[in-house]
């Protein structure tokens, strides 16, 4: 029986101590705060928002294990290893640490060079069969060479062990034409949007959200999910408009990578984190950017 992710699935940031070590106490506090909201179904660690590829293997394992101890909802691990065998070993470590599923990233070389037909399917097959880790299909933005065409998505979605898709194609033409086909061909597949900056458009077609945005506005994103499932556009639009200053301050930045720094600053402003330490190659934002984030949170009544 697969996990039920039909709701909000935040992707927590990874807090660090001021001297740059993983702060498991702060991570437990963040995880417990997020898990305390009714409708939060899982926590997805070690992804982009969680600076997962900036952690050592030992740090990754400890982060999963200690969060599993701290919360009573499923913990899902980002699987980011470059080669298939490397990813399988990463998945085995995640299973041993207590992860209940894996968010399977494309091999990073595909971002630049593209993928050979059939290679993504083999990545998912190997992770599930050899590591025993149920998989979430991760659809990357259309602007990259690592995004999967519809046939590839359909084939992966039909494979044993694949129970959900986190779709971030960020091309609304493709979203509008491909999501209905995925839904029709795989009725049991749980469809999750990860469009932090396009939530309103995608809210009416999904079972839930798997978003870094869930770190900082779980209350309002749960409202948005409820409005989408009720087909209540006016209510969804009201939440969208209330959050728009926050969306702009966090996600309409020069680089999507800056979003992680902005999330930590927002969590600091909300009193969930004591500070916003990030790990290189991320770089601190300016004091002006931090003030912009604080004011946006105030306007959305999150501070």
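Residue numbers (UniProt numbering): 1 to 303. Idealized CB from N, CA, C, for every residue including glycine.
- About 6 Å separates the beta carbon of residue 157 from that of residue 137, a gap short enough to meet the 8 Å contact definition.
- 204 is the residue among 204, 213, 88 whose C-alpha sits nearest the C-alpha of residue 180.
- Residue 260: member of the alpha helix (DSSP H) spanning 258-269, first to last residue.
- In the three-state reduction of the DSSP assignment, residue 127 falls in the helix class, which pools H, G and I.
- Here DSSP, grouped into helix, strand and coil, assigns residue 60 to helix.
- Counted as a single uninterrupted DSSP element, the alpha helix (DSSP H) harbouring residue 150 occupies residues 150-157.
- Listed in chain order, the beta strand (DSSP E) runs fully inside the region 151-222 are 162-167, 190-193, 208-211, counting runs of at least 3 residues.
- With a beta-carbon spacing of about 13 Å, residue 7 and residue 44 fall beyond the 8 Å limit used to define contacts.
- The alpha-carbon of residue 106 is positioned some 13 Å away from that of residue 48.
- Here the C-alpha atom of residue 292 lies approximately 24 Å from the C-alpha atom of residue 194.
- The beta carbons of residue 114 and residue 145 sit closer together than 8 Å.
- Rounded to the nearest whole angstrom, the C-alpha separation of residue 249 and residue 199 is 15 Å.
- The Cβ atoms of residue 185 and residue 154 lie closer than 8 Å to each other.
- Taking 8 Å as the cut-off, the Cβ atoms of residue 191 and residue 169 do not count as close.
- Within the same chain, 250, 251 come within 6 Å of residue 259 by CB-CB distance, once the 5 residues on both sides are set aside.
- By the Cβ-count criterion, residue 196 is buried, with 16 or more other Cβ atoms from all chains shown falling within 10 Å of its own Cβ.
- DSSP links residue 137 through a beta bridge to 104, 165.
- A direct Cα-Cα distance of roughly 10 Å separates residue 277 from residue 22.
- Sixteen is the threshold: since fewer than 16 other Cβ atoms of the shown chains lie within 10 Å of the Cβ of residue 177, the residue is exposed.
- For residue 95, there is no enclosing beta strand (DSSP E); the residue is found in the alpha helix (DSSP H) stretching over 84-97.
- Exclusion of the five residues before and after residue 236 leaves 200, 203, 224, 227, 228 as the residues of its chain whose Cβ lies within less than 7 Å of its Cβ.
- Residue 35 counts as buried, since at least 16 other C-beta atoms from the protein chains shown sit within 10 angstroms of its C-beta.
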